[in-house]
Structures are given as structure tokens and as C-alpha cells.
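K.L.:
Count along the sequence shown from 1, then add 2; that gives the number in our numbering.
For every residue, glycine included, the Cβ atom is placed at its ideal position computed from N, Cα and C.
Only a predicted model underlies this, so the values are computations on that prediction, with no experimental measurement involved.
Next up is a structure, given as C-alpha cells.
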Amino acid sequence: MTDSSLNEEAKSLLHALALALSGMKFQDDGNGNLEYEHKEVSAFVKPLLRTVGLPNWNFTVWMWNTSFKWDKLPGPVNIIPICNISDSARSEPGGAFKHGLMRRIDGDVTVEPRLAAIFAVPPITS
Numbered sequence: 003m004t005d006s007s008l009n010e011e012a013k014s015l016l017h018a019l020a021l022a023l024s025g026m027k028f029q030d031d032g033n034g035n036l037e038y039e040h041k042e043v044s045a046f047v048k049p050l051l052r053t054v055g056l057p058n059w060n061f062t063v064w065m066w067n068t069s070f071k072w073d074k075l076p077g078p079v080n081i082i083p084i085c086n087i088s089d090s091a092r093s094e095p096g097g098a099f100k101h102g103l104m105r106r107i108d109g110d111v112t113v114e115p116r117l118a119a120i121f122a123v124p125p126i127t128s
């Protein structure tokens with residue numbers, strides 16, 4: 003996993019998405035995980051992905067209620083937490099990332115319950 007800074011435009015789009023999420027339609031998978039409707043979040047996510055250099059990537063927005071390991075994800079997945087992560091939290095080994103991201107001292111990264119995030123994957127090419 004690499005951490006990268008978001009420019010002001012990306013931060014603004016992410017903030018707007020965070021504010022709008024509570025009013026957006028979603029599907030519950032039965033385990034408390036919420037998948038937000040694609041057309042509801044597209045107006046925020048598409049410009050954000052362009053801004054961070056991931057144009058045309060496929061994406062979904064989830065609020066996770068269950069934990070998973072980064073290495074269990076299927077292939078390359080870019081995860082953009084829908085929250086502000088302070089520079090000190092981002093760089094402190096073993097420190098908690100706000101809203102569910104946790105980096106342990108051994109460098110392993112897990113996502114803990116109740117993380118809202120954009121999950122983006124590269125476009126499929128034939």
C-alpha cells in the first residue's frame with residue numbers, strides 16, 4: 003500500500019461525497035455492509051478518480067461493517083477512504099488511521115469495521 007496526498011480539488015470532492023453519503027441510496031448485503039448505488043455516487047467519484055490519476059477506472063462505494071486484509075483483495079484495488087486522514091496518523095507506524103484504517107507496527111494493514119471508501123479497479127482491457 004502506498005499513501006499519497008490528495009490535491010485540494012480531490013479533497014473538496016471527497017468532502018462533498020462524505021457529506022452526501024448519508025442521503026444516498028444503498029443496498030445492504032445482509033451483514034451490515036452497505037453498497038451505495040453507482041449512479042448516486044458517480045457525480046462525485048468520477049471527477050475524483052480523474053483528479054487522482056485513475057480516469058476510466060471502475061469503482062464501487064461501500065460502507066464496510068466487517069474486517070478484511072489488503073492482501074485478500076482480488077488484484078490491484080485502489081482504496082480511497084472517505085474521510086480526512088491527518089499527516090501524523092498517515093506516517094506513524096502502529097498508529098490508527100481515522101475511520102478504520104489501521105497500520106500495525108509490522109507494516110501489515112487491515113481495514114476494520116465501519117470504513118466508508120471508494121474501491122477502484124483498473125478498466126478491463128481485451
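Please report the distance separating the alpha-carbon of residue 57 from that of residue 45.
P.N.:
13 Å
K.L.:
Taking the beta carbon of residue 126 as the centre, do at least 16 other beta carbons fall within 10 Å, making it buried, or is it exposed?
P.N.:
exposed
K.L.:
Between the Cα of residue 23 and those of 65, 122, 11, spot the shortest distance and give me the residue it belongs to.
P.N.:
Nearest option by C-alpha distance: 65.
K.L.:
What is the DSSP secondary structure of residue 53, reduced to helix, strand or coil?
P.N.:
Collapsing the DSSP output to three states places residue 53 in a helix.
K.L.:
When burial is assigned at 16 or more other CB atoms within 10 Å of the CB, is residue 15 buried or exposed?
P.N.:
buried
K.L.:
What does the alpha-carbon distance come out to for the pair residue 51 and residue 124?
P.N.:
11 Å
K.L.:
Could you name the residues that DSSP lists as bridge partners for residue 120?
P.N.:
63, 82
K.L.:
To the nearest angstrom, how far is it from the Cα of residue 38 to the Cα of residue 9?
P.N.:
25 Å
K.L.:
Report the CB separation of residue 81 from residue 119 in whole angstroms; it is logged as a contact under 8 Å.
P.N.:
5 Å
K.L.:
For residue 11 and residue 54, I'd like the C-alpha separation in whole angstroms.
P.N.:
9 Å
K.L.:
Assuming the contact rule is C-beta atoms closer than 8 Å, residue 122 and residue 35 should be a hit. Round their C-beta distance to whole Å, please.
P.N.:
Not really, about 18 Å apart at Cβ, beyond 8 Å.
K.L.:
Measuring only the C-alpha atoms, how far is residue 48 from residue 30?
P.N.:
As the crow flies, the alpha-carbon of residue 48 is around 23 Å from that of residue 30.
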